[in-house]
Amino acid sequence: MKTLFEETRIGSMTLKNRMWRAATWLNMASDTGRLTKRQEKVYLDLAKGGVGTIITGYAFVIKEEQPNPNMLGIYDDSFIPEYKKFTDKIQAEGVNIVMQIVYGGSFSSYLTDSRTIWGPSAVAHPLTEVVPTEMTQDNIKTLVSAFALAAARVKTAGFDGVELHGAHSYLLSQFLSPYFNQRS
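The sequence shown: position 19 = 19 (my numbering), numbered continuously.
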């Protein structure tokens, strides 16, 4: 237990302790994915409370593909200035801040009738019943590019790291699942 509160390193990142705040969807961002004052306060309170590293709730990487309402966005460069101010505030508390990025795939429940949702195969999600459009090679290239551009924005905005959301049957984990991925 004593090492929990000791400084450590992961690669080039120094952590003031080993306490991490895992990524959690707060349902507090604006409809377009903008960080709100209320949401910023939650993260600042965590930073002031002693946590060593915070991973934000997931941020969507393509404007038209928001798997849930009121989640963070990082789909274009207009987010960089506001996130830079935010990361500066968190880091002023001696805390690292990491942004989690995501593409929902068929595990989406938000505005599913008004947009094309991609998946590895056209297989209905057992919880949402959304049947995605099977991704073409061009769709895959577009999504890889969207993740890369989002990660570059995360870095430019001053975050200490980026985490790819590959759990809970969102798209990245769907590609690893024989249920969702029936590609030949």
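Yeah, the Cβ is synthetic: ideal placement off N, Cα and C, and Gly gets one too. Just so it is clear, the structure is predicted and the values come from calculations on it, not from any experiment.
Close Cβ partners of residue i (< 8 angstroms) along its chain, the five nearest in sequence each way excluded
i, result
"Q91", "I97, G158, D160"
"R18", "T3, L4, F5, E6, T8, G52"
"R115", "E64, E65"
When the options are compared against residue i, the one with the closest alpha-carbon
i, options, result
"Q137", "L164, S121, I74", "S121"
"L149", "D77, G57, F107", "D77"
"S106", "T128, T32, V61, L44", "T128"
"K84", "S177, V162, K155", "K155"
"I54", "W25, Q174, I117", "W25"
"V61", "G50, R34, A47", "R34"
"A23", "V102, I140, N181", "V102"
Assumed close pair residue i, residue j - CB separation to whole angstroms, cut-off 8 angstroms
i, j, result
"M28", "A59", "Not confirmed; about 13 angstroms, so no contact."
"G104", "L46", "Actually they are not in contact, since the Cβ atoms of G104 and L46 sit about 25 angstroms apart, beyond 8 angstroms."
"K16", "V95", "7 angstroms"
In DSSP terms, what residue i is bridged to
i, result
"T8", "L15"
"R21", "I54"
"I97", "I54"
"T133", "W118"
Endpoints, the alpha helix (DSSP H) within which residue i is located
i, result
"L46", "37–48"
"V190", "The shown model of the chain, from 1 to 184, leaves out residue 190, and the question about it has no answer."
"Q91", "80–91"
"S173", "171–175"
N- and C-terminal bounds of the beta strand (DSSP E) containing residue i
i, result
"E163", "161–164"
7 angstroms CB neighbourhood of residue i in its chain, flanking five on each side removed
i, result
"Q186", "What the structure shows of the chain is the stretch from 1 to 184, and residue 186 is not part of that stretch, so it cannot be assessed."
"I74", "A59, V61, M99, I101, A150, R153, V154"
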